[in-house]
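*Asks:* Below you will find the structure I want to go over with you.
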């Protein structure tokens, strides 16, 4: 819908919120506006050509943090269009795909593989806000594997514990280093370490090879109790253009 602007051009407009991607796949965006435009997805600036069009990018299903920045120089509509790699025509991003809250775009990007080795092309990919699953309906036939990747925000310096409970098995990596290998089914294991406040690359690998499968990712802050890692401290890995 087109509404009168709250200010007369020229003006700088900064929209922030979240975008729901309905299914895993490759997408392309076009941002139309009477002026210069910039677009961020999951805290990453997307390269836009002179026509405001992005390259194809692979996106997991789920909710992504979105930011649009426009330097409006004259009256006119602002539109965000998209299409997937199977579509020839552009379509406006529907209103139902937008959310006001930018913090909905939190979580880890999970790649689900129809094998026991995290190899080949994933069957699908999605953003999971938290890693806390008991699989009543398994997403793939067993054995299958999942690799969740993203960033973990540690809010304060101190002595932290990170832990996993899983059936069948799980492996935890921090900044590329294996920190924990939990191959004892249905048993909680943790690792303790001193961490400085800041950002860390986090990878969690999960193998489902038996019934009653589940996986839970915990932390224990300094002077705190063990809890599932809250979604607001997890960020999906940056999107990459093809």
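Residue numbers (this note's numbering): 12 to 253. Even glycine gets a Cβ: it sits at the ideal position worked out from N, Cα and C. Keep in mind that this is a model prediction, so the values were computed, not measured.
Since residue 104 and residue 45 are thought to touch, with beta carbons under 8 Å apart, how far apart are those beta carbons, to the nearest angstrom?
*Replies:* No, residue 104 and residue 45 are not in contact; Cβ-Cβ is about 19 Å, not under 8 Å.
*Asks:* Is the beta carbon of residue 18 closer than 9 Å to that of residue 92?
*Replies:* no
*Asks:* Out of 48, 203, 206, 140, which has the shortest C-alpha to C-alpha gap to residue 88?
*Replies:* Nearest of 48, 203, 206, 140 to residue 88, Cα basis: 48.
*Asks:* Which one or two residues does DSSP pair with residue 141 in a beta bridge?
*Replies:* DSSP output for residue 141 lists no bridge partner at all.
*Asks:* Within its chain, find whatever has a CB closer than 6 Å to the CB of residue 116; leave out the 5 residues flanking it on each side and keep chain order.
*Replies:* 29, 74, 75, 76
*Asks:* Where does residue 47 sit, in a helix, a strand or coil, going by DSSP?
*Replies:* strand
*Asks:* What residue range does the beta strand (DSSP E) around residue 54 cover?
*Replies:* That residue, residue 54, is in no beta strand (DSSP E); it is neither H nor E in DSSP.
*Asks:* Give me the Cα-Cα distance between residue 164 and residue 94, rounded to the nearest whole angstrom.
*Replies:* Rounded to whole angstroms, the separation of the alpha carbons of residue 94 and residue 164 is 32 Å.
*Asks:* If distances are taken between C-alpha atoms only, which option among 161, 37, 136, 56 comes closest to residue 150?
*Replies:* 136
*Asks:* Quick check on DSSP: helix, strand or coil for residue 216?
*Replies:* Reduced to three states, the DSSP call for residue 216 is strand.
*Asks:* Residues in the same chain with beta-carbon distance under 7 Å from residue 220, minus the five sequence neighbours each way, listed in chain order, please.
*Replies:* 127, 153, 154, 179
*Asks:* When the Cβ atoms of the segment 158-174 are set against those of the segment 226-245, are three or more pairs found closer than 8 Å?
*Replies:* yes
*Asks:* Taking DSSP as the reference, what is the three-state secondary structure of residue 242?
*Replies:* Looking at residue 242 - three-state DSSP - the assignment turns out to be helix.
*Asks:* Which stretch, first to last residue, makes up the beta strand (DSSP E) that contains residue 175?
*Replies:* 169-178
*Asks:* For residue 206, name the three-state secondary structure that DSSP assigns.
*Replies:* strand
*Asks:* Could you check the C-alpha separation between residue 119 and residue 52 for me, to the nearest Å?
*Replies:* 14 Å
*Asks:* DSSP on residue 254, reduced to helix/strand/coil?
*Replies:* No answer is possible for residue 254: it lies beyond the span of the chain, which begins at 12 and ends at 253.
*Asks:* Just to confirm the assignment, what range does the beta strand (DSSP E) spanning residue 26 have?
*Replies:* 22-32
*Asks:* Between 159, 50, 55, 198, which lies nearest to residue 63 when the distance is taken from Cα to Cα?
*Replies:* 50
*Asks:* Does DSSP classify residue 12 as helix, strand or coil?
*Replies:* With a pLDDT of only 47 at residue 12, under 50, the local geometry of the prediction cannot be trusted, and the value read off the model is given with reservation. In this structure, residue 12 counts as coil in the three-state DSSP scheme.
*Asks:* Let me confirm a value: residue 39 is counted as buried when at least 16 other C-beta atoms fall within 10 Å, else exposed. Which label applies?
*Replies:* Buried is the call here.
*Asks:* How big is the Cα-Cα spacing for residue 140 and residue 242?
*Replies:* 5 Å
*Asks:* Mind checking whether the beta-carbon of residue 195 lies closer than 8 Å to any heavy atom of the ligand MN?
*Replies:* Annotation note on the ligand MN: not contained in the displayed structure, which lists no ligands.
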